[in-house]
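Below is one structure; the comments refer to it alone.
Printed below as a string of structure tokens:
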């Protein structure tokens, strides 16, 4: 049997960071498509997930401590990916305290003797599992690693990858290595002397001599690093379950929806999972002839829902379309549409311009400024200047005698704890520009923004 084991975090984080400049649902769509395309044709598939807090943190308190906390939107979207794949019939495998790597290692340990296994991940830790029946494919480069490929790239055989990483250190996981020991030196030692545990017993035989005393002084640290780089093969899972067929499932209330203009279909309170990869059909039926005709509408709003029932039906249809992947369920789409409607926006504009951040509906700063500009009380709203050090906006209300100007500086961002965040490091001018514009909009036009915070503000 051919088995595919997919490291979800490896793929999702890659797509999340690559999609920062795109719409917020892009990582969801790309990750789901990556799983589907990568695992097509295999007899069994398991999507392996992390379940923090990790046991490695108990071994070494600084494990992954250098990583900046990801925005809540990222976690929400990753949960949505898991819900989607679960509904689509994929086995989702994880265990509390274990990382996806450990889950994959446990599955390989149990199944590799009888089956051919392909691992999809860009995590080099997993290369320690490579064998004649186990290969790793990088989700980033699509390079396939067998035993000879591992030796060619790292200079060591797969079983010595943990020793190699312990000696060199692993910056991505904040695992310390031996100072000054690079990849070539580590590979040479392991090729000549064997495992790190043995090397630590013969420090006086190691060359160059300058490493002998550091090996003695750091033996305990290196032994701990080796424990961290080795996969934990005891995850409490049931490997045999991934060999069974799992039926696709619909979330509660996800049956084919009949849109007839008078059906009473209140939103189910428990609908939390995502639609199947192939969306279920939406059946459209003309309204009953006895239903009163709707009042004439402006042409551009002719397709907008006009009653709560119609709004719920539209929310279901839009959710099934999979065009708005950042929203976890139809209820979230309905909340966004209703919030946008309260501010004069149509459904699609609301879904494109508003987002769910930390449980709150938040428009993008661009949308918030646009809402102000189109309001009757705004005479003008303009950007005066902007660079990496400051941003200045100015606006004039029709019912106020003088314009209001606001400047936001990098010093203000630093005091607020924003400047060290990842988005601010990458795009300080952009973040400052929209932060300043959104604050001015809320300051001068509270009657238009009605307490809304911009998505850029909620995410830092």
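Numbering (the numbering used here), first residue to last: 212 to 671. Cβ coordinates follow ideal geometry from the N, Cα and C atoms, glycine included.
| Asked | Found |
| --- | --- |
| Simplified DSSP state of residue 633, which is helix, strand or coil | helix |
| The segment 377-389 in contact with the segment 261-274 per 3-pair CB rule at 8 Å | yes |
| Straight-line Cα distance separating residue 339 from residue 261 | 19 Å |
| Boundaries of the alpha helix (DSSP H) in which residue 239 is found, first to last residue | 237-250 |
| Coarse secondary structure for residue 376, derived from DSSP in three states | helix |
| DSSP-derived helix/strand/coil call for residue 605 | strand |
| DSSP bridge partner residues for residue 342 (one or two, in chain order) | 345 |
| Selected residue, minimal CA-CA separation from residue 426, among 322, 435 and 415 | 415 |
| Whole alpha helix (DSSP H) elements within the segment 253-285, 4-residue minimum | 266-270 |
| Residues near residue 368 in its chain [Cβ-Cβ closer than 8 Å; skip 5 each side] | 358, 361 and 362 |
| Residues near residue 459 by beta carbon distance below 7 Å, same chain, minus five either side | 298, 299, 300 and 487 |
| Beta-ladder partner(s) of residue 302, from DSSP | 257 |
| Whole-angstrom distance between residue 523 and residue 542, CA atom to CA atom | 8 Å |
| Alpha carbon of residue 577 to alpha carbon of residue 645, nearest angstrom | 7 Å |
| Through-space distance from residue 648 to residue 520, alpha-carbon basis | 36 Å |
| Residue 367 (DSSP reduced to helix, strand or coil) | coil |
| Minimum C-alpha distance to residue 224 - residue among 212, 238 and 638 | 238 |
| For residue 581 and residue 289, the rounded distance between their alpha carbons | 30 Å |
| Cβ separation of residue 572 and residue 579, assumed to be a contact under 8 Å, to the nearest whole Å | With a Cβ gap of about 12 Å, residue 572 and residue 579 do not count as contacting. |
| Neighbour-count burial assignment, residue 212, 16 or more Cβ in a 10 Å radius | exposed |
| Cβ distance (whole Å) where residue 291 is taken to contact residue 259 below 8 Å | Actually they do not touch by this definition, with Cβ atoms about 18 Å apart. |
| Residue 547 in three-state terms, based on DSSP | helix |
| Residue 248 beta carbon less than 8 Å from that of residue 216 | no |
| Under 8 Å between C-beta atoms of residue 548 and residue 561 | yes |
| C-alpha distance - residue 400 paired with residue 354, whole-angstrom precision | 27 Å |
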